[in-house]
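Residue numbers (our numbering): 159 to 461.
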């Protein structure tokens, strides 16, 4: 492989899946083009089926000379789009970027160097959380340097694939993203990668991860429940051996239901009804009650 003028040998493919976020896509692309690392292949994978949305994506890409348009040729959805990018990629390393997120300065250079130096098959980074629901930002720093199967099954996984860089061959070896899971696809992939080789964390803020209400699977209760049950069916024996199926459900309630209650756009009444269906006891149930919005607390008092 030829060196570029920065003596960068490894080609890194950045896969950007996009769906109905053309207004945000351009910022994501620019954040990649502003990286100091130059030996890049940028693939925007269009998951839109609507011709108007596809036209919007192509018009944005046409502004840049070195960004390639790719139609998702796998199953519709984020997993299929990422898998399309992985299979099309020419790079030995893959970095993912959601269309509403951005890379921060030095993301590719620092994470790639760290991944090569540690000899891992994948890595992740600390990040800036851009909370567009409550209009605030905060730095999120994990206090561990290596991700293992026990942590993953405790739901201590990176918040987004935007934080990930992995060897392309490792992603192929473990079978890519599971397109049959409606949710928890990231956790499933991290778990399979951890069985294939070490996963290390780069200590530094290298990405900005955005959360908002628009089309978020993470606050779709039905999809999350279905995905969780499919994940347990897939890894039941190993989940039972490592953490126990009951504890696995408890971890789900602790980490995931908090976000559903806090960030979902359900009505207060719907949130409370859903809260009552949870199999939570004692301090755990009080913990979730404590994060309910003030107006919802008032609703509870009237029942």
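Yeah, the Cβ is synthetic: ideal placement off N, Cα and C, and Gly gets one too.
Considering only 200, 370, 169, the residue with the shortest C-alpha distance to residue 292 is 370. Its Cα nearest to that of residue 242, the residue 334 stands out among 406, 334, 259. In this structure, the CA atom of residue 202 is about 11 Å from the CA atom of residue 212. DSSP, read as helix, strand or coil, puts residue 215 in helix. Counting only runs of at least 4 residues, the stretch 160-202 fully encloses the following alpha helix (DSSP H) elements, listed from N- to C-terminal order: 180-191. Annotation for residue 241: the continuous alpha helix (DSSP H) segment containing it runs 236-246.
175 is the residue among 277, 271, 175 whose C-alpha sits nearest the C-alpha of residue 233. Beta bridge pairing from DSSP links residue 332 with no other residue. Contact between residue 198 and residue 173 does not hold, since the beta-carbon distance rounds to 11 Å and is not under 8 Å. In this structure, residue 250 and residue 325 form a Cβ contact; the two beta carbons are roughly 7 Å apart against a cut-off of 8 Å. Distance from the CA atom of residue 207 to the CA atom of residue 320, rounded to whole angstroms, is 23 Å.
Here residue 283 is near residue 360, since their CB atoms are less than 7 Å apart. Bounds of any beta strand (DSSP E) do not take in residue 319, whose DSSP letter is neither H nor E. Cα atoms of residue 345 and residue 214: separation of roughly 32 Å, rounded to the nearest angstrom.
Judged by their CB atoms, residue 352 and residue 306 are nearer to each other than the 7 Å cut-off. Looking from the CA of residue 287, the closest CA among 391, 299, 181 belongs to 299.
The residues 170, 193, 195, in chain order, have a CB closer than 6 Å to that of residue 266 in the same chain once the five nearest residues on each side in sequence are set aside. One Cα belongs to residue 230, the other to residue 341, and the distance between them is close to 19 Å. In this structure, the beta-carbon distance from residue 357 to residue 239 does not fall below 7 Å. Assignment of residue 341 by DSSP, reduced to helix, strand and coil, places it in the coil class. In the DSSP assignment, residue 357 falls within the beta strand (DSSP E) that extends over 357-369. By the criterion of a C-beta distance shorter than 8 Å, residue 205 is surrounded in its chain by 175, 176, 177, 230, 234, 235, 236, 238, 239, once the five residues flanking it on both sides are discounted.
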